[in-house]
Amino acid sequence: MRKAGKILIAAAAATALAACSPSLQEPTDQQAGEQNTHTPAPVSVSESPASDSGDGADGGGHAGAGDDTTACAADDITVDNAAAEPRVEIPRDCAAPAQVLTRDLEPGSGAAATPQSTVQLDYTVVGWSDGSVADSGTASIDLSASAGEIEGWQQGLEGVRQGGERVVVLPPDLGYAEQSGNPLAGENLVVVAEVTGVA
Numbered sequence: 004m005r006k007a008g009k010i011l012i013a014a015a016a017a018t019a020l021a022a023c024s025p026s027l028q029e030p031t032d033q034q035a036g037e038q039n040t041h042t043p044a045p046v047s048v049s050e051s052p053a054s055d056s057g058d059g060a061d062g063g064g065h066a067g068a069g070d071d072t073t074a075c076a077a078d079d080i081t082v083d084n085a086a087a088e089p090r091v092e093i094p095r096d097c098a099a100p101a102q103v104l105t106r107d108l109e110p111g112s113g114a115a116a117t118p119q120s121t122v123q124l125d126y127t128v129v130g131w132s133d134g135s136v137a138d139s140g141t142a143s144i145d146l147s148a149s150a151g152e153i154e155g156w157q158q159g160l161e162g163v164r165q166g167g168e169r170v171v172v173l174p175p176d177l178g179y180a181e182q183s184g185n186p187l188a189g190e191n192l193v194v195v196a197e198v199t200g201v202a
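Numbering of the sequence shown is given in this note's numbering, commencing with residue 4 and proceeding in unit increments.
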């Protein structure tokens, strides 16, 4: 008896569904052979606005590393020459640049260095990541020769004048050569160069 009741309930449900379903035989305005087309309702997509936290990532129009970053400019780097060795402050609210940047702190005088010049200088090299002094000394750089330990000397020093002082920012591929064994190989460098001679 229970089975018969279940069968009757199932049959009643099937009949109700069939009554709700549109018949394929219902009249239509379509010509024979035309198919129904479905036009979906328009979908509204809203993008959440980028967060502007302003904490370490972007303090003044710059984005933080790892984001769609704005690279630091040469003017963003501060150099304090009050001590015997320059003190360099590297900003943390912009990304390390991917190209050579230069800024003359002192213009100097005399002829500007060309790609064929030899430049004598006192220099200080600072690592971008922690701002610590990596190297300092005196060098004679032949701009027409192979780069030597720091590969971006030629681009960074072209145009300097005797007595001038220049900040040079080098991207990783123009910093310390990988074969140099320097711990800062593969890192951006900031070089403060005081030019003592151009020949």
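The C-beta atom is built at its ideal place from N, Cα and C for all residues, glycine as well.
Backbone CA spacing between residue i and residue j [nearest angstrom]
i	j	result
Ile153	Ser120	17 Å
Glu88	Leu124	14 Å
Val198	Glu190	24 Å
Ala202	Asp83	28 Å
Gly113	Leu146	17 Å
Gly167	Arg106	11 Å
Gly184	Ala76	28 Å
Val136	Val170	14 Å
Gly151	Ala142	11 Å
Glu92	Thr72	19 Å
Exposure label - residue i; buried when at least 16 CB within 10 Å
i	result
Thr3	As displayed, the chain neither begins before 4 nor continues past 202, which places residue 3 out of reach and without an answer.
Pro174	buried
Gln157	buried
Pro110	exposed
Ala115	exposed
Gln182	exposed
Gly159	buried
Gly140	exposed
Asp58	Residue placement at Asp58 cannot be trusted, given a pLDDT of 38 that sits under 50; what the coordinates show is reported in the next sentence. Its Cβ having fewer than 16 others within 10 Å, Asp58 is exposed.
Sub-8 Å separation of residue i and residue j beta-carbons
i	j	result
Leu177	Val129	no
Ala180	Tyr126	no
Val122	Ile144	yes
Residue i at chain B interface by Cβ criterion, 8 Å
i	result
Val103	The structure shown contains no chain B; it is built from a single protein chain.
Residue i - partner residues in DSSP beta bridges
i	result
Arg90	Asp83
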